[in-house]
Structure formats: C-alpha cells, structure tokens
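K.L.:
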Amino acid sequence: MGKLFKAGLKPYMKWVALLVLLLFVQAFCMLFLPNMMSMIIDNGVVTGDIGYITFTGMLMLLVAVGSSCASIGVGYIAAKVGVGFCSKTRERLFKHIDTFTLAEFDKVGAGSLTTRCTNDILQIQNFMILMLRLVVLAPIMCIGGVVLSLQKNQQLAVVVIICMPVILVFLLLVLRSAFPVFRSMQEKLDNVNRIIRENITGVRVVRAFTAEGREQQRFEEANADMTQASIRSQVKISTLMPMMMLIVNIGTVAVVWVGGTQISLGNMQVGDMMAIIQYLTLIMYALVITAAVFAMMPRASVCADRINEVLEIEPDIVAAQNPAQPETLSGAVEFRDVSLAYGDGQPAISHITFTANPGETTALIGATGSGKSSVISLIPRLRDVTEGSVSVDGVDVRDYDTDALRKRIGYVPQNSGLFSGTIRTNIAFGDEQMPMERVERAAKIAQADMFIQEKEKGYDDPISQGGTNVSGGQR
C-alpha cells in the first residue's frame, strides 16, 4: 500500500502539510478544554465566583469553535486529497490497462479488472479519507492526554497508561487475523463479478440453451461464498469496538475509584479528577478511531496490492526505439515463418509463410480453432509473434509506431462490439474527425444505410452499451 501512496500523493503534499497543521490546532483545542473545565469547577463553582465561570466559559466556547473550524477544514482537505488521489490512480490504472495485449487481458480477467478499477479503488478512497483525518490527531491526543494527566495526578495517570497497551495488543491481534480473510473476500467478489458479466454479455446464449437454472445456481454458489467470507471478516472486525469500550469503561471506573480516594484524603481537587476522566475519554476516543482506521486497513491493503499487481504488469508489446511513422500504406502484407503460442501452451500457428499483395483478396480457410483469427490479430499487432516476423510494406510491424499502424488498418473482428453513443460515433470510432460523407459511404458498403435511414434520428440515433437496442444483423 505504501508504494501506491508514495507514487500518488506527491502532487498533494502542500495540502497534506496544511491538513497536518489544522490537525495540530484541532488536537490542542480538544486537549485544552478539559483543563479549562477543571479550572471552572475548582476556581469558579467551588468558590461561587460567577464572573470567573462566565469568563472561562466564554473562552471554552471560543476554543470549541476553533476546534470545530479546524475539524471542518481537515474534513474538506482529507476529502479533496483522498478523492483526487483515487481519481488519478483510477486514470493511471485505466491508461495502463489500455496498453495490455489480449493475452494480458485473459491473464487477469475482465471481471477482475473491472473490480480493481471500481470497488478496490473505492475501498482505498474510504480508508484514505479516514486515515488523513485521524493519522496525526490520534497520536497527539494520546501523548497529550497522558502528559496532561501526569501533571494533574500521577496515580490516576497510571490507570490511563495501563489501558493503552491493552487496547493496542488486542488491536494488533485482530488485524493480524483479518488480512487473509479480506484477501479471500476480494477474490470471491472477483468471481461474483465475473459470473455477472458473463451472464449479461452472454444472455442470448444462456436463454437459447435454457441454461438459466444452471447459471442461477452457479451465481448463488459464488454469492454464498462471498457472503461467508464477508461474514468472517466482519466477525473479526466487530470484536474491536465492544472490547475497546469495555476497557474504556473499566478505566473510567478505576479513575473514579482512585480519584475519589485521593479527594477524600485531600490530595486532589474534584476538577482535576473530572479533567483526568475527560483525558481518559479523549485518549480512548483516539484509540477507538485508530481502531476504526485499522479495521479498514486490511481490506484497503489487499485492494492496493491488487491494483499494484496490475500496474506492475509489463505489456508484452513494447514500442520500438525509433518507430516508423507511415503516412500511407500500400497494403503489402508478408508472413515469414510465423509461429504463435498462447502462454506456455502448444502453438496456435506453426511456421506460416505467405504474402498478401495490394489489390488482391486473400482468404484464410480452416477448421474451427485452426488459428485464422490469431493470424489476423498479428497484422495490427494485437499480439506479437513467438517466432518469425510479420511485415507491412516491407517493414516489420514491431518497427512501426503501433498507433500509426493500427489507424491505417481496417480490422473487423468476428464478434461485433458497439459502444454507448450514436450510430455515427460507432461507425467513426477509429477517426473522430471522419466527415459525414465517409460515414455514409461506410454504412452503404456494410448495407446498413437502409435501416439507419428508418431510425428517427438517422445517424444520430442512440446506441446503448453493447448495441442491445439493435438487432444482431444491424450490429
């Protein structure tokens, strides 16, 4: 998690510095209030000095307002930094995924990539906002509360000090057992998202084979696994707050008992005991909110690791040092002793050599799984050859600028893929500046112009995601 934060927080360091300053102001105000209350009780209430009570009460009000203003500022900056950091991380992740080859997409899985870009980053964002608000405040509250308690009464301060390590030890034990459970939960979530995605994109196939019952059972099993993992994680985390509050209450009882004895012996004043009780409450509050942060840490840490796993994947397709920038291509394609294997498996293509000359129609005929689509994917460099070379106009495709090469190749995959937008934006997907004449000509060549003209808005008629609002033939 530290690696991800280190890379993404640099642009926000000025905001973080201001946030730390406001946290110091908030902490000092909160620590000063119990001391002022002690002064009011001992010097005002006991002596009946109304003027002193009024004056000190007004000061307490000003300090409380200052603490509230600082807290509001901290909340704003924490949200700005947390949301901004996660927005940039999401953009960085999306941009990196966009460089993946088809093999790398298959390796991670579309469902898992979707989860990492959405849910995982959201978990980090929630954790980060809470952490920024409390990471500095909690230590100041703990240290300041102990120091001020020692100034008031050392015996009562010992009670406060004893409570702190007990809570910390319990906190560490719970977190240590929670990390593997949260990792398992995220993996189960990946599986649920994968099944949902498969059923949404393949709904026609599922219904055509009346496989709804089988798919429903498969989803219920995956959902039950995720539910059980979620329950296990929440059971572990849910023990934190009750145990910490139990320790706080025991500490408060101990302070009242020891403090009452000290007051009866004339060794301390009532106001000092009340102040120490408040310091104990503030210290326990700091530890409780620290526990809340650490309760979110296991899941956030797992999510950060999963994001780093994607960011650390090096794309198989590496850009050339001095890539060729073709203005035009005649279209001469040559395969020389080309082989292609998927991972460590058997080659899908073995030692293929052929030439497709400009102006000719070259067709590849073969049985299902013989590698026809794999051959075509090598020309725009959607994959790289395992052996041999593929050249266009006498230049190896690996020596071209990849974007420039792909812009000059018309690639029509066997599965139609439409994006949310309009008919026009989908036809002109490879060239946003494509003039309308070319859009219409492309539609006529595809024999799609007739049904497009029947649409209410013609080429500006909306297309839903995946083209679900048009028929299979129209797609």
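Residue 72 is where the sequence shown starts when you use the working numbering, and the numbers rise one by one after that. Positions of the beta carbon are idealized from the N, C-alpha and C atoms, including for glycine. Quick caveat, the model's predicted, so the values are computed rather than measured.
#1: Can you confirm whether the stretch 329 to 346 touches the stretch 106 to 126 when touching is taken to mean that 3 or more C-beta pairs between the two stretches lie within less than 8 angstroms?
#2: Short check: CB of ARG303 to CB of GLN194, under 7 angstroms?
#3: For the beta strand (DSSP E) containing PRO418, list its first residue and its last residue.
#4: So VAL274 and LEU351 are in contact, right, with Cβ under 8 angstroms, and what is the actual spacing, rounded?
#5: Identify, in the order they occur along the chain, each residue of the same chain with its Cβ nearer than 6 angstroms to the Cβ of THR361, setting aside the five sequence neighbours on each side.
#6: Give me the DSSP bridge partner(s) of SER460.
#7: Where does ILE498 fall in DSSP's three states?
#8: So, helix, strand or coil for ASP415, using DSSP?
#9: Answer with buried or exposed for MET355, where buried requires no fewer than 16 other C-beta atoms within 10 angstroms of its C-beta.
#10: Would VAL468 pass as a contact of ARG454 if the rule is Cβ separation under 7 angstroms?
#11: Who are TYR471's beta bridge partners in DSSP?
#12: Would you mind giving the Cβ-Cβ distance between LEU80 and PHE198, rounded to the nearest angstrom? I have them listed as a contact below 8 angstroms.
#13: Just how far apart, CA to CA, sit GLY137 and THR127?
#14: Hey, quick one: how far does the alpha helix (DSSP H) through CYS234 stretch, first residue to last?
#15: Using CA atoms only, rank isn't needed, just tell me which of GLY115, HIS167, LEU132, VAL134 is closest to GLU380.
#16: Where does PRO506 fall in DSSP's three states?
#17: Tell me where the alpha helix (DSSP H) around ARG285 begins and ends.
#18: Would you kindly work out how many angstroms separate the C-alpha atoms of GLY119 and MET212, rounded to a whole number?
#19: For my contact list, LEU260 and ASN338 are in at a C-beta cut-off of 8 angstroms; report their separation, rounded to the angstrom.
#20: Looking at chain D, is there any beta carbon in it that lies within less than 7 angstroms of the beta carbon of CYS157?
P.N.:
Per the coordinate set shown:
#1: A contact exists between the stretch 106 to 126 and the stretch 329 to 346.
#2: Not closer than 7 angstroms, so no.
#3: Secondary structure note for PRO418: its beta strand (DSSP E) is the uninterrupted segment 418 to 427.
#4: At roughly 60 angstroms, the Cβ-Cβ gap does not stay under 8 angstroms, so VAL274 and LEU351 are not in contact.
#5: Excluding its 5 nearest sequence neighbours in each direction, THR361 has C-beta neighbours in its own chain below 6 angstroms: ALA209, listed in chain order.
#6: Note: SER460 sits in a beta bridge opposite ARG407.
#7: Three-state result, ILE498: helix.
#8: ASP415 falls in the coil class under three-state DSSP.
#9: MET355 comes out buried.
#10: Taking 7 angstroms as the cut-off, the beta carbon of VAL468 is found no closer than this to the beta carbon of ARG454.
#11: In DSSP, TYR471 forms a bridge with ALA395.
#12: Rounded, the Cβ-Cβ distance is 14 angstroms, inconsistent with contact.
#13: Spanning the alpha carbons of GLY137 and THR127 requires a straight line of approximately 15 angstroms.
#14: First-last of the alpha helix (DSSP H) with CYS234: 225 to 272.
#15: Checked all of GLY115, HIS167, LEU132, VAL134; the closest Cα to GLU380 is HIS167.
#16: The three-state secondary structure of PRO506, taken from DSSP, is coil.
#17: For ARG285, the uninterrupted alpha helix (DSSP H) segment begins and ends at 283 to 309.
#18: If you draw a straight line from the Cα of GLY119 to the Cα of MET212, it is about 32 angstroms long.
#19: Taking 8 angstroms as the upper bound for CB-CB distance, LEU260 and ASN338 are not in contact here, some 58 angstroms apart.
#20: No chain D appears in this structure, which consists of one protein chain only.
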